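Taking numbering that gives the first Met the number 0, the leading residue of the sequence shown gets 0, the next gets one more, and so forth. Ideal Cβ placement from N, Cα and C applies to all residues, glycine included. Computed from a prediction, not measured in an experiment: that's the story for all the values here. Some notes on the structure that comes next.
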Amino acid sequence: MLQLNVKNETSRLRAVVLGSAVHNGPTPTLEEAYDPKSLEHIKAGTYPVEKDMVAEMDAFNAVFQKYDVTVYRPEMIENYNQIFARDIGFVIDDVFVKSNILPDRERELDAIQYVIDQIDPSKVVRPPEEVHIEGGDVMLWNDHIFIGTYKGSDYKDYITARTNMHGVNYIKELFPNKIVKEFDLVKSKLEARDNALHLDCCFQPVGKDKGIIYKRGFREEADYLYLVNLFGKENLFHIERNEMYNMFSNVFSIDKDVVVSEKNFTRLNNWLRANGFTVEEIPYAEIAKQEGLLRCSTLPLIRD
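See below:
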């Protein structure tokens, strides 16, 4: 049996689900695009091709092998995008929560059922139907659970709004001893530079007390200030609009002092190194064209 344990974003990683770009399928049509960044690249003819994305995920997997992390991959579905494992489920403490994702992505959960079968069934939960929640919006920070949401009355009109207040309240009920704090995120169906698809598109902790943040990703300044007060402004790396668009905050921590980052994130990677981190740089710019990056591709199961 897998003894799940995830309490934060940065403790030493022992086991993870890494998505797959194999048999990813043809470029989606404009109508099939889930987010404005994919839409932009479909229109421009620059949508990523399978061989490039497979190579990028292989590079990510090689870093996990280097650090002796157990890696599970989804079973292959022909002509289907299975890159973003973070969307389909997440672990809090020792509980695996199945996301209520967009209905036509349900098969992605089936593809990791062999992993879920290794978990104590009493520790696997599925929220009720009215609850919308995706792993990219759920971020653990010891006694805190940060959750990205969208509070606009037009929630149902936004395919980019992935976690609702029912989702926030569900987690509050499931983990009454945690401090659950929701953040109202900026959404756009048309402009990727103004769309925080998930919380990890505009914020993520690194190390023991630091974080990467994009102020304009929050609809309410009070939400941004909550994180500034919690972490301290001097401990936060503030990213710009174009850096948010390139997914600077969507890196992935293997340990308190080891961060996997995109090789072109020069300003961020220099800051990380200056603050004592080992930065494992890999190419991931093609996958980034789908408005997801390193954290989106992973579903951590066990950390120390």
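If you compare the alpha carbons of A20, K180, S37 with that of I144, the shortest gap goes to K180. Inclusion of G216 and N234 in the CB contact set at 8 Å is not warranted, their separation being larger than that value. When DSSP states are grouped into helix, strand and coil, A273 belongs to the helix group. About 5 Å separates the Cβ atoms of G166 and V130, confirming a contact at the 8 Å cut-off. Around V257, the same chain offers T277 as residues with beta carbons nearer than 6 Å, after the five sequence neighbours per side are excluded.
Beta-bridge partners of L139 (DSSP): I144.
Runs of the beta strand (DSSP E) spanning 3 or more residues and lying entirely within the stretch 187 to 225 occur at 202 to 205, 209 to 212, in chain order. Between G134 and F89 the beta-carbon gap is near 4 Å, inside 8 Å, which marks them as a contact. With respect to the C-alpha of S248, the residue from E8, L1, Q2 having the closest C-alpha is E8. When DSSP assignments are scanned along the stretch 8 to 34, the uninterrupted stretches of beta strand (DSSP E) that are 3 or more residues long and fall wholly within it turn out to be 12 to 17. Between the alpha carbons of M243 and N80 lies a gap of roughly 23 Å. A check of alpha carbon separations from L17 across I41, D57, T265, G44 identifies D57 as the nearest.
Assignment of beta-bridge partners to G134 by DSSP yields no partner. Pairing S296 with R11 gives a Cβ-Cβ distance that is not under 8 Å. With contacts defined by Cβ atoms closer than 8 Å, I212 and H237 form a contacting pair. Contact annotation: the stretch 44 to 53 touches the stretch 277 to 290, with at least three C-beta pairs closer than 8 Å.
When DSSP states are grouped into helix, strand and coil, V227 belongs to the helix group. Checking the DSSP bridge columns, you'll see G88 partnered with K97.
Boundaries for R72: no alpha helix (DSSP H) harbours it, and the DSSP string shows neither H nor E there.
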